[in-house]
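Heads up, the thing below is written out as structure tokens.
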Amino acid sequence: MALKPSIPKGTRDFSPAEVLKRDYIFGTIKEVFKLYGFQPLETPAMENLSTLLGKYGTEGDKLLFRILNSGDFLEGVSESELQNPDHSVLSSKICEKGLRYDLTVPFARYVVQHRNEITFPFKRYQIQPVWRADKPQKGRYREFYQCDADIIGSDSLLNEYELIRIIDDVFSKLNIPVAVRLNNRKILMGIVEAAGVSGRFSEIAVAIDKLDKVGMQAVEEELVGKGIPRSAVESLKNILEVEGSNAGRMEKLKQFLVNSETGKKGIEEMETMFRLINSDPPSSEIVFDLTLARGLDYYTGTIIEVKATGVNIGSICGGGRYDNLTGIFGLEGVSGVGISFGADRIYDVLTLKEGFSSLGTSASKVLIVNFGDTELQYALRILKILHSHGISAQIYPDAIKIGKQFAYANSLNIPYVVVAGEDEIKGSEVTVKNMAEGSQTRISIEKLGDFLTMQT
RNA sequence: GUGGAUGUAGCUUAGUUGGUCAGAGCGCCAGAUUGUGGCUCUGGAGGUCGCCGGUUCGAAUCCGGUCUUCCACCCCA
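Using this note's numbering, the letters of the first sequence map in sequence onto residues 19 to 474.
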């Protein structure tokens, strides 16, 4: 019985047209990364599970794809381990590797492993797929590309500022209007501290992160439901509901955080960043958003999130500062900050906004009609001339009906067709047809290269 | 991981008291047009109605399971 071919759920094939569009996104991002002095890096698809586990919270651990050991994976597993209802013990024994969940943790691992070869501060970019065993939904895949830029080994807020400029540059080039939201973990910790519930930081962070989505009442209910004291919830509510300009809200916060050293440090950092930003305002909207709490467990300072305005597709870029990430791998005192562009979601946004429409997706610029053996020498000569001019060209491989060859050019969006049959060969000429206009020009073979170079 | 929908030709889909129900449009292929594509016309090929099992004389249609895709939650790019 013939099986219907399929691919694992949450994964996708990319057709030629799709790859071309995706490369346009990668190319744009890469160009900006290079402009700011970032160097390329690639790491393996799989990492040792021990470097991945525990970096993304307990939820994240569940979403890791684990790779079953090759060979007899049950070798050395005892009967009691097989019977143990806590499968995590068994799992860690039969799976030693996992697929990378993001690019930041492998990067941190790389930095620690190669610390003696690296000149700090180290600025690298990395564009590779990552895998998450999430339940797929629209805009959420199990295999997707991240485009990361990180600076490691520098505390300066200039790095944060630079990343914001990169975000602004990339989305300007892609012609996607975005809103950049900024917050700082230190401010959030300060608020939680001032409310007297610092022990419950991550739960509270997750809850207030949903504020713009579910509203204040639902957040209050969630917090109270989790056993946070009413008085603390009220206190949090008051500060979260403050409105006004970026600067105005920071002023109010200062008063609230007067007794929290961490909180004051956070505000100070945020003010420095806005001073830098306002000295040369970017085209994107930059908002200080106290309710932005998301980010992986390892973020400790600035948090950045970018959403495209006018489309409901979730966050298309995110990042932040992490002070302790390399500490887990044994290298203390190195601070990093980075951002990650979600290429697949950017692709979806561009599709919705028809941002690809100006992008040519043709396989080549010229198709040379194949008339048969007699004319083949001449056709090959034309091909060589075009290639030497750097023009992408191909000969139709079979000498089938001319009409079919034109239809081929048409369906592949090839803009020019070169016809060279008996008549043209006699006069050392060719006929060039412009497919979009339908017009034809007959010129000598010597002029062909220059003629087509000038056509766009 | 929890809850809810969905699944008919390559694509979009019509099709309920279960009995000519396997249809349409687009696309594809061929011809009209043997040195010229897009438009038009004519003809043609393509479907175990997601998969497995059950109920029934009989199921695309009812039931159970399973997979897929989509939506909400969780979390996140």
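The beta-carbon is built from N, C-alpha and C at its ideal position, and this holds for glycine as well.
Small disclaimer: the values here were computed from a predicted structure and weren't measured.
- Beta-bridge pairing by DSSP links K141 to I169.
- For A454, same chain residues with a beta-carbon under 7 Å away, outside a window of 5 residues either side, are P433 in chain order.
- DSSP, read as helix, strand or coil, puts T69 in helix.
- Looking at the DSSP output, A326 sits in a beta bridge with V196.
- The residue among G348, E259, E221 with its C-alpha nearest the C-alpha of G243 is E221.
- Pairing Y365 with P124, the inter-Cα distance amounts to about 25 Å.
- Per the coordinates, the alpha-carbon of D468 lies some 20 Å from the alpha-carbon of A381.
- Under the three-pair Cβ rule at 8 Å, the segment 113-124 counts as touching the segment 139-158.
- For the pair Y159 and K228, the Cα-to-Cα distance works out to about 22 Å.
- Secondary structure at P147: strand, using DSSP grouped into helix, strand and coil.
- In this structure, the alpha-carbon of A63 lies about 35 Å from that of N431.
- Distance from the CA atom of D230 to the CA atom of T309, rounded to whole angstroms, is 8 Å.
- When beta bridges are read from the DSSP output, M64 appears opposite L117.
- Of the residues S457, V436, L200, M291, the one whose Cα lies closest to the Cα of I420 is V436.
- In the three-state reduction of the DSSP assignment, A411 falls in the strand class.
- Pairwise C-beta distances place the segment 103-112 out of contact with the segment 331-345, as fewer than three of them are shorter than 8 Å.
- In the DSSP assignment, E447 falls within the beta strand (DSSP E) that extends over 447-452.
- The straight-line gap separating the alpha-carbon atoms of L181 and S190 is approximately 14 Å.
- Between S278 and the set A126, E211, V305, D186, the nearest pair of CA atoms involves E211.
- With the rule of 3 Cβ pairs closer than 8 Å, the segment 287-294 counts as touching the segment 171-178.
- Contact between S353 and D341 is confirmed by a C-beta separation of about 5 Å, below the 8 Å threshold.
- For S333, the uninterrupted beta strand (DSSP E) run begins and ends at 333-340, by DSSP.
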